[in-house]
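Residue numbers (our numbering), protein chains in the order written: chain A, 1 to 114; chain B, 115 to 222.
This is the structure in structure tokens:
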């Protein structure tokens, strides 16, 4: 079974630039999550989708971050414009059902904002 | 909002010693999950606990959910170098929260 795919793996941008991350969850997984993990901290949930609907985006900085999951499969997370404090690993995860159960994580995208 | 604290933040043990990390919540939890993240890697699911007082074992790992469902522990017996990593608890309430994590170093 293929795992969660993410791209790119690494990205370096200057502040005020834009960046987009892509995630392809495990086939058949209804729920998709985007997390931000700053070095030395636990992952912080940014947004949770069930199929193509948003379940929770309360911790998403909506003035600069946006995410979509068209067709309920893969998803993109965008930052526009980036700030220095956005430097982190962005993790995508998926799970079969909603609200509980094992989450499968992708390898993450390491973003450095200079 | 949800507060989930883990202690200790860091733990260094000699190989063969035991290790325990604790997860404490300010509110009653519906369930709790545990994940392991190797250095440079991504979180990997270990287990989910749902019932009050539940105890589950996976080889050398023992997971416990408190009677009041406000705390949980992960105990590793006779640590090995392969146990190195950060252990996170994660809770679901209105939102999904990861704990602060315990970083385990095993000295050969």
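Glycine residues also receive a C-beta, built at the ideal position from the N, C-alpha and C atoms.
Here the structure is a predicted model, which means the values were calculated and not measured.
Where do the N-terminal and C-terminal ends of the beta strand (DSSP E) with residue i fall, by residue?
i: residue 49 (chain A); result: 44-50
i: residue 179 (chain B); result: 175-179
i: residue 110 (chain A); result: 109-113
i: residue 116 (chain A); result: One cannot answer for residue 116 (chain A) here, as it falls past the ends of chain A, which runs 1 to 114.
i: residue 121 (chain B); result: 118-121
i: residue 146 (chain B); result: 146-151
i: residue 13 (chain A); result: 10-13
i: residue 196 (chain B); result: Here residue 196 (chain B) belongs to no beta strand (DSSP E), and DSSP marks it neither H nor E.
i: residue 55 (chain A); result: 53-56
i: residue 184 (chain B); result: Careful: residue 184 (chain B) lies outside any beta strand (DSSP E) and carries neither H nor E.
i: residue 68 (chain A); result: 65-68
i: residue 221 (chain B); result: 216-221
In angstroms with no decimal places, state the Cα-to-Cα distance between residue i and residue j.
i: residue 56 (chain A); j: residue 50 (chain A); result: 9 Å
i: residue 117 (chain B); j: residue 140 (chain B); result: 6 Å
i: residue 129 (chain B); j: residue 83 (chain A); result: 42 Å
i: residue 142 (chain B); j: residue 75 (chain A); result: 33 Å
i: residue 127 (chain B); j: residue 211 (chain B); result: 27 Å
i: residue 43 (chain A); j: residue 59 (chain A); result: 12 Å
i: residue 190 (chain B); j: residue 171 (chain B); result: 10 Å
i: residue 176 (chain B); j: residue 68 (chain A); result: 39 Å
i: residue 201 (chain B); j: residue 109 (chain A); result: 21 Å
i: residue 215 (chain B); j: residue 101 (chain A); result: 20 Å
i: residue 165 (chain B); j: residue 188 (chain B); result: 16 Å
i: residue 20 (chain A); j: residue 8 (chain A); result: 9 Å
i: residue 182 (chain B); j: residue 161 (chain B); result: 19 Å
i: residue 125 (chain B); j: residue 217 (chain B); result: 6 Å
i: residue 96 (chain A); j: residue 103 (chain A); result: 8 Å
Can you give the beta carbon distance from residue i to residue j, rounded, assuming they're within the 8 Å contact cut?
i: residue 37 (chain A); j: residue 92 (chain A); result: Wrong, their Cβ atoms sit about 11 Å apart, outside the cutoff.
i: residue 30 (chain A); j: residue 98 (chain A); result: 6 Å
i: residue 147 (chain B); j: residue 159 (chain B); result: 7 Å
i: residue 17 (chain A); j: residue 81 (chain A); result: 7 Å
i: residue 220 (chain B); j: residue 198 (chain B); result: 5 Å
i: residue 209 (chain B); j: residue 45 (chain A); result: 6 Å
i: residue 135 (chain B); j: residue 120 (chain B); result: 6 Å
i: residue 34 (chain A); j: residue 90 (chain A); result: 7 Å
Run down chain B in chain order and give the residues with a C-beta less than 7 Å from the C-beta of residue i.
i: residue 108 (chain A); result: 156
i: residue 58 (chain A); result: 209
i: residue 17 (chain A); result: Within chain B, no residue comes near residue 17 (chain A); the closest Cβ sits about 25 Å away, beyond 7 Å.
i: residue 91 (chain A); result: 156
Using a cut-off of 7 Å between C-beta atoms, extract the partners of residue i located in chain A.
i: residue 133 (chain B); result: By Cβ distance, chain A contributes nothing, its closest Cβ being about 18 Å from residue 133 (chain B), past 7 Å.
Could one say the Cβ of residue i lies closer than 8 Å to chain E's Cβ atoms, at least one of them?
i: residue 199 (chain B); result: Of the protein chains in this structure, namely A and B, none is chain E.
Name, please, each residue of chain B whose Cβ falls closer than 9 Å to the Cβ of residue i.
i: residue 21 (chain A); result: Chain B residues near residue 21 (chain A): none, gap ~14 Å exceeds 9 Å.
i: residue 48 (chain A); result: 209 and 210
Along chain A, which residues have their Cβ under 9 Å away from the Cβ of residue i?
i: residue 214 (chain B); result: 41 and 42
Which residues of chain A have a Cβ atom closer than 8 Å to the Cβ of residue i, listed in chain order?
i: residue 202 (chain B); result: 42 and 43
i: residue 159 (chain B); result: 102, 103 and 104
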